[in-house]
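K.L.:
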Amino acid sequence: MLERSGAERTRNRLYIMVLQAVGRVLRWKSKKDRERPVDQKKTYLDGDVIRAQVTDCDFGALVQLPDAIDHNEWLATHTTTFFNHISLQYSTISEYCTSQTCPSMAIPGTMLHWQDGEKGKKVKLAAPQYVDCVMCSVQQLVTNESIFPTKFGHEFPPAFATYIQRIFRLCFHVLAHLYHSHFRETVALDLHSHLNSLYVHFITFALQFSLLPPAELAPLSDLTDALCISSASAPHNRSPRT
């Protein structure tokens, strides 16, 4: 009887040790799964929603620089407009984008880390905090008179194109997160046609003026292909005037 009780206690201890070990493994795996971007079904590529747009205009023709318009003025006007439209589009689903639902800035195939400047330390942020950083950073740039001059006689800075490229990169991150994590909510609000049209216009302009490199666009390359966006027309290579 004593021997059997001792054997049972040994088995019980081993059983508990196994359960504890399994629990540690499962907790570790759960943590790693939360940190790793989840491969979700790309609902934004579904046939019914991919064709939805608010206009059938030729965006390729629309983004062409008119002869009488200054190159930098054209970039500045469109950049501020795109920023405002993307900010508005995000605001429609912002209540669904929380630190709980979006603990990282996930986009198709990866997650993004915030970085202040080119040499700043990369920091992992929840998506709403990342988007806040984008909005604040871009707002500071577009309202800086020395970068986006609004007064007669004030010139654009020599590095103006670099500022524009940074703004487009950050805005693209917001669009990519909208498609990756909040497209279902966007469809439920019947705003996917607006998002698709905004994306087509934004990417067409970026390609036309070489504002985003192919590597930056890769996370949504399937969407770009599905929407038949291409740089078929030669990019505008005129050097920006300062």
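Start counting the sequence shown at 23; every next residue gets the next number (this note's numbering).
Glycine residues also receive a C-beta, built at the ideal position from the N, C-alpha and C atoms.
Name, in chain order, the residues that DSSP records as bridge partners for Trp136.
P.N.:
Answer by DSSP bridge pairing, in chain order: Val145.
K.L.:
For the segment 236-243 and the segment 95-102, state whether three or more C-beta atom pairs, one from each stretch, are separated by less than 8 Å.
P.N.:
Too few Cβ pairs lie closer than 8 Å, so no.
K.L.:
Taking 6 Å as the line, does the beta carbon of Pro179 fall inside it for any heavy atom of the ligand SAM?
P.N.:
Among the ligands in the structure shown, none appear at all, so the ligand SAM cannot be discussed.
K.L.:
Using DSSP's beta-bridge definition, name the partner residues of Ala74.
P.N.:
Answer is none; Ala74 lacks a bridge partner.
K.L.:
Going by alpha carbons, who is nearest to Leu213 out of Ile108, Gly82, Asp92, Cys79?
P.N.:
For Leu213, the nearest C-alpha among the options comes from Ile108.
K.L.:
So, for Leu209: in the same chain, excluding its five sequence neighbours on each side, which residues have a beta-carbon less than 7 Å away from its beta-carbon?
P.N.:
Residue 209 is actually Val in this sequence, not Leu. Val71.
K.L.:
Consult DSSP for Ile108 and reduce its assignment to one of helix, strand or coil.
P.N.:
In the structure shown, Ile108 sits in a helix (DSSP, three-state: H, G or I).
K.L.:
So what does DSSP say about Ile91, is it helix, strand or coil?
P.N.:
Here Ile91 sits in coil by DSSP.
K.L.:
Identify the continuous alpha helix (DSSP H) that holds Ala128 and give its terminal residues.
P.N.:
Note, Ala128: premise wrong, no alpha helix (DSSP H); beta strand (DSSP E) at 127-129.
K.L.:
Spell out a yes or no on whether the segment 146-153 and the segment 174-189 are touching, meaning 3 or more CB-CB pairs, one atom from each, closer than 8 Å.
P.N.:
The segment 146-153, when compared against the segment 174-189, does not touch it at the 8 Å Cβ threshold.
K.L.:
Would you be able to state if there are at least three C-beta pairs under 8 Å between the segment 217-226 and the segment 161-177?
P.N.:
Too few Cβ pairs lie closer than 8 Å, so no.
K.L.:
Glu207 lies in the alpha helix (DSSP H); which residues open and close that run?
P.N.:
Where Glu207 is concerned, the enclosing alpha helix (DSSP H) stretches over 205-210.
K.L.:
Excluding five sequence neighbours on each side, which residues of the same chain lie with their C-beta closer than 7 Å to the C-beta of Thr120?
P.N.:
Excluding residues within five positions, the ones whose Cβ falls inside 7 Å are Pro150.
K.L.:
Give the list of continuous alpha helix (DSSP H) stretches no shorter than 4 residues that lie fully inside the segment 176-254.
P.N.:
Qualifying alpha helix (DSSP H) stretches, in chain order: 182-203, 205-210, 214-230, 236-239, 243-248.
K.L.:
Which of the three DSSP states, helix, strand or coil, is assigned to Gln151?
P.N.:
Three-state DSSP puts Gln151 in a helix.
K.L.:
Can you tell me which of the three DSSP states Val160 falls into?
P.N.:
Val160 falls in the helix class under three-state DSSP.
K.L.:
State the CB to CB distance for the pair Ile129 and His195, rounded to an integer number of angstroms; the pair is presumed to be in contact (CB under 8 Å).
P.N.:
Sure, about 7 Å apart at Cβ, within 8 Å.
K.L.:
When you compare each of Phe224, Ala248, Asp247, Ser232 to Phe81 by their alpha carbons, which one comes out closest?
P.N.:
The residue with the shortest Cα to Cα distance from Phe81 is Phe224.
K.L.:
Quick one: residues in its chain with C-beta nearer than 6 Å to the C-beta of Glu57, no 5 flanking neighbours on either side, listed in chain order?
P.N.:
Bear in mind that a pLDDT of 44 at Glu57, under 50, signals an unreliable position, so the number given afterwards is only what the model happens to contain. Excluding residues within five positions, none has a Cβ falling inside 6 Å.
K.L.:
If we ignore side chains and look at the alpha-carbon of each, how far apart do Ser203 and Cys124 end up?
P.N.:
Whole-angstrom Cα-Cα distance: 8 Å.
K.L.:
What do you get for Phe227, buried or exposed, if any count of 16 or more other CB atoms within 10 angstroms of its CB means buried?
P.N.:
Flag for Phe227 reads buried.
K.L.:
With 16 as the cutoff for other CB atoms within 10 Å, does Phe174 come out buried or exposed?
P.N.:
It is exposed - the Cβ of Phe174 has fewer than 16 other Cβ atoms within 10 Å.
K.L.:
Is Ser113 buried or exposed, if buried means 16 or more other CB atoms sit within 10 Å of its CB?
P.N.:
Counting Cβ neighbours within 10 Å, Ser113 comes out exposed, since fewer than 16 surround it.
K.L.:
Is Thr123 helix, strand or coil by DSSP?
P.N.:
Three-state DSSP puts Thr123 in coil, outside helix and strand.
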